[in-house]
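Read the structure below first, then the notes.
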Amino acid sequence: MSNLDPANAARQSRMSLLAKSEPSRLAALFSEVTDVPAHTWLRTPEIGAVMVRGRMGGTGAPFNLGEMSVTRCALTLSTGEVGHAYVQGRDKDHATRAALVDALMQTARAEEVQAAVLDPLGAEALATKAARSAKSAATKVEFFTMVRGED
Amino acid sequence: MYVAVKGGERAIENAHDWLAEERRGPADIPELSVDQIKSQMTLAVNRVMAEGSLYDPDLAALAIKQARGDLIEAIFLIRAYRTTLPRIGHSRPVETDKMACDRRISATFKDAPGGQVLGPTFDYTHRLLDFKLAADGEVPEAATAAPLQGDMPRITEFLNRDGLIQTETPSDEPPRDMTRQPMEYPAGRPLRLQALTRGDEGFVLGMAYSTQRGYGRNHPFVGELRIGKVSVEMDIPELGFAVEIGEITLTECETVNQFHGSKTQPPQFTRGYGLVFGQTERKAISMALVDRALRWEELGEDNLGAPAQDEEFVLSHADNIQATGFLEHIKLPHYVDFQSELELVRKIRSEAQANTLKEAAE
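Protein chains in written order, with my numbering: chain R, 1 to 151; chain W, 152 to 513.
In C-alpha cells:
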C-alpha cells in the first residue's frame, strides 16, 4: 500500500472506507449531497465473488480460504470524471453511490463531499472499532499470584 | 423390458407447499426475519459461511431461514448460489497480524505480550440453561476498558526467535484452487487447508479428536487463538493499486506441537494451522490439529496408518455437501436399478433350486 502519489493514496483510502461502509448509512449520508451530475456506465454494477486468501501459519505460502461477495461498477460523470467502486456485499445501489462519491471527489466539490460523506463514515468506523476494542479490553485477564507457605 | 414412468408432479408441488407452511410454523407466532437470524444466530451464520465457502452474512441468514435451521441444507443453498457468481479475482493474503481482535488467548504462555483477552466466549460459563432467556430479559451492557493499543504480536514468533519452532517459508506462489480444478493426490498443504476450512465441522472435529486419542498423536498445545476482523485487500488492475474491498471476521488457531527430530533435523516444535471464516473456534482448532497430522511426511515422521494421516481419506470425506449428496440420493427412486437386482436374485435362486432338485433326483 506504499509508494502511491498523494492523489492515489487518498483515492485508495476513500475506496477502502466506502467498500466497508453500511449500505444504509452511505445512502443516508449521500442523500445530503444534492445536484449530483448525471452519469453513464463504463461498467454496470456487477455482483461477483473474490477468492480470499490466507497464509499458512499466518506468514507462509498462500492458500485459498473461501470467497466473499463483492459488487463493482465504474461510471463517468457528465463532467468527465471517472468513478470506481468495489464494495462488500451484493447491493448495486450501494456500489453506484460509492462510485459517484469517488468521481465527485475528483471535482471542485471534493471538500463538500468529504465533509458530508467521507468524514462522518470515517469517524463512525473508528468509533465502532474503538467501542469493540473497549469491550475486548475489559475481558483481558489480570493474573494474581497467590502467596502460599510460611515464607 | 423397460417401461418409462412419469408422475408425481402434483404430489411434489403439494409437498413443497406444505414445506413452506411448516417452515413458517403457526401463524400466531411472529415470523423470524433474516436480520434477526443474522444478528442473533450469529454462530450458525458463521458456520454456514465457512462451510458454504462464501462470506456473506445476509445470504447465510436467508439460507438458514429457507432450510428451517438445517445447517447442511443451508450450506448446500450457499454452495449452489456461489457457483452462479462470476469470479472477480482473488485477494492478497489477509494479514492476520493486523487483526482487530475480539479475543486472543494463548494456552502456552500465561504472560504473553498483549495478554489473554477472553472476548465473548462460552468458556467458563457453567453450561446451565438460562431460563431468563426464555422470558425476554434485558441484557446488561458489556463492561468497557481503555481500548487495546497496537497489533497483537504473534505468539509463535517468540518461539521462532530462539529457533525452537519450525518456520513457515514465505512465498507468493499462487495456490491451487479446488473449486477450479479437480482434486489430485497428493494434494499438498495449500489445497489441504482449503479443503479443511470448508470441510464439515463435525467431521474435522472427529478427525482432530482421533489424533488426541492416539490415532496419529501429535501432542498439540494451542499456541494462540485469535478472533477478530481483518481487512481484505485486492489489486485493482484498472487503478494500478490495491484497495480494501471489505472486512471479514476470522478465527485463527496456531498449534505448537512436539517433534522429536529426525535424521536431518534437531528436536523442534512444529505447527498446525487453522483459519476459518467467522467466529468458529472449535472448527479452527480442529483444522489446526488435522493440518498437523497430515504433515507427517514433510516432517519426516512415521506413517502410523492413522486415519487423520491419510490425506486422500480426510480430504475426500470432509465435504458435507458431497457426502450428503451421495448419501441422500439413495432415497430417490431407484425402481429400475432395484428391479434388475430383484430379477438377478430370483434367477440365481431358481437356478440353485433347480440344481438341488436335479441332485436329489440323481
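Positions of the beta carbon are idealized from the N, C-alpha and C atoms, including for glycine.
beta-carbon residue 455 (chain W) near the ligand COA non-hydrogen atom, thresh 7 Å: The ligand COA is not among the ligands present in this structure, which contains no ligands whatsoever.
Out of R:140, R:47 and R:95, state which residue places its alpha-carbon closest to the alpha-carbon of residue 20 (chain R). One-based indexing of the first sequence puts residue 20 (chain R) at position 20. The candidate whose alpha carbon is nearest that of residue 20 (chain R) is R:95.
Any beta-carbon of chain R closer than 8 Å to the one on residue 236 (chain W)? Working through the second sequence from its first residue, we reach residue 236 (chain W) at position 85. Interface residue, yes.
By the criterion of Cβ-Cβ separation under 8 Å, what are the contact partners of residue 62 (chain R) in chain W? Here residue 62 (chain R) is taken as the residue at index 62 of the first sequence, counted from 1. Those within 8 Å of residue 62 (chain R) in chain W are 244, 322, 323, 324, 325, 326 and 341.
Rounded straight-line distance, which links the Cα of residue 46 (chain R) to that of residue 391 (chain W): As a position in the second sequence, residue 391 (chain W) is number 240, starting the count at 1. As a position in the first sequence, residue 46 (chain R) is number 46, starting the count at 1. Going from the Cα of residue 391 (chain W) to the Cα of residue 46 (chain R) covers about 20 Å.
Note down the Cα distance separating residue 48 (chain R) from residue 320 (chain W), rounded to an integer number of angstroms. The residue you call residue 48 (chain R) lines up with position 48 of the first sequence. The residue you call residue 320 (chain W) lines up with position 169 of the second sequence. Rounded to the nearest angstrom, the two C-alpha atoms are 32 Å apart.
Three or more C-beta pairs below 8 Å linking the segment 58–73 of chain R and the segment 20–31 of chain R: Touching, no.
Going by DSSP, what residues sit across from residue 392 (chain W) in a beta bridge? Translated into positions along the second sequence, residue 392 (chain W) becomes position 241. Residue pairing for residue 392 (chain W): DSSP places it in a beta bridge opposite W:387.
Please tell me whether residue 67 (chain R) has its Cβ less than 8 Å away from any Cβ of chain W. Position 67 of the first sequence, counted from the first residue, corresponds to residue 67 (chain R). Yes, contact with chain W.
So, residue 302 (chain W) versus residue 249 (chain W), is the Cβ gap smaller than 8 Å? Mapped onto the second sequence, residue 302 (chain W) falls at position 151. Mapped onto the second sequence, residue 249 (chain W) falls at position 98. Yes, these two residues count as a Cβ contact at 8 Å.
Only counting the same chain, and skipping five residues up and downstream in sequence, which positions put a Cβ closer than 6 Å to that of residue 410 (chain W)? For the purposes of this step, residue 410 (chain W) is taken as the residue at position 259 of the second sequence. 419 and 421, listed in sequence order.
DSSP three-state call for residue 506 (chain W): helix, strand or coil? In the second sequence, counting from the first residue as 1, residue 506 (chain W) sits at position 355. In the structure shown, residue 506 (chain W) sits in a helix (DSSP, three-state: H, G or I).
Distance cutoff 8 Å, beta carbons only. Does residue 1 (chain R) sit that close to anything in chain W? Locating residue 1 (chain R) in the first sequence gives position 1, counting from the first residue. Only weak support is given to the placement of residue 1 (chain R): the predicted model assigns it a pLDDT of 47, under 50, and the value that follows is read from those uncertain coordinates. Closer than 8 Å: yes.
Can you pull the chain R neighbours of residue 239 (chain W), defined as C-beta to C-beta under 7 Å? As a first step, residue 239 (chain W) is located in the second sequence; it is residue number 88 there, counting from the start. 48, 49, 50, 70 and 72, listed in chain order.
With a threshold of 8 Å between beta-carbons, can residue 80 (chain R) be considered close to chain W, or not? Sequence index remark: in the first sequence, residue 80 (chain R) carries index 80 (1-based). Not closer than 8 Å to any Cβ of chain W, the Cβ of residue 80 (chain R) fails to qualify, so no.
Start and end residues, beta strand (DSSP E) containing residue 238 (chain W): Here residue 238 (chain W) corresponds to residue number 87 of the second sequence, with the count starting at 1. From DSSP, the beta strand (DSSP E) with residue 238 (chain W) extends over 238–241.
Cross-chain neighbours of residue 181 (chain W) in chain R, by beta carbon under 7 Å: The residue you call residue 181 (chain W) lines up with position 30 of the second sequence. Listed along the chain, the chain R residues whose CB falls inside 7 Å of the CB of residue 181 (chain W) amount to none; the nearest CB is some 23 Å away.
CB of residue 253 (chain W) within 8 Å of CB of residue 271 (chain W), strictly: Along the second sequence, one-based indexing puts residue 253 (chain W) at 102. Along the second sequence, one-based indexing puts residue 271 (chain W) at 120. Contact: yes.
Is there a Cβ of chain R sitting closer than 8 Å to that of residue 348 (chain W), yes or no? In the second sequence, residue 348 (chain W) corresponds to position 197, counting from 1. The beta carbon of residue 348 (chain W) falls within 8 Å of a beta carbon belonging to chain R, placing the residue at that interface.
Would you say residue 163 (chain W) lies against chain R (beta-carbon separation less than 8 Å)? By 1-based counting over the second sequence, the position of residue 163 (chain W) is 12. For residue 163 (chain W), the answer is no, since every Cβ of chain R falls outside 8 Å of its Cβ.
In whole angstroms, give me the CA-to-CA distance for residue 1 (chain R) and residue 386 (chain W). As a working mapping, residue 1 (chain R) is identified with position 1 in the first sequence. As a working mapping, residue 386 (chain W) is identified with position 235 in the second sequence. Residue confidence is low: residue 1 (chain R) scores 47 on pLDDT, short of 50, so the model does not pin down where it sits. Its coordinate-derived value is still stated next. For residue 1 (chain R) and residue 386 (chain W), the distance between alpha carbons rounds to 10 Å.
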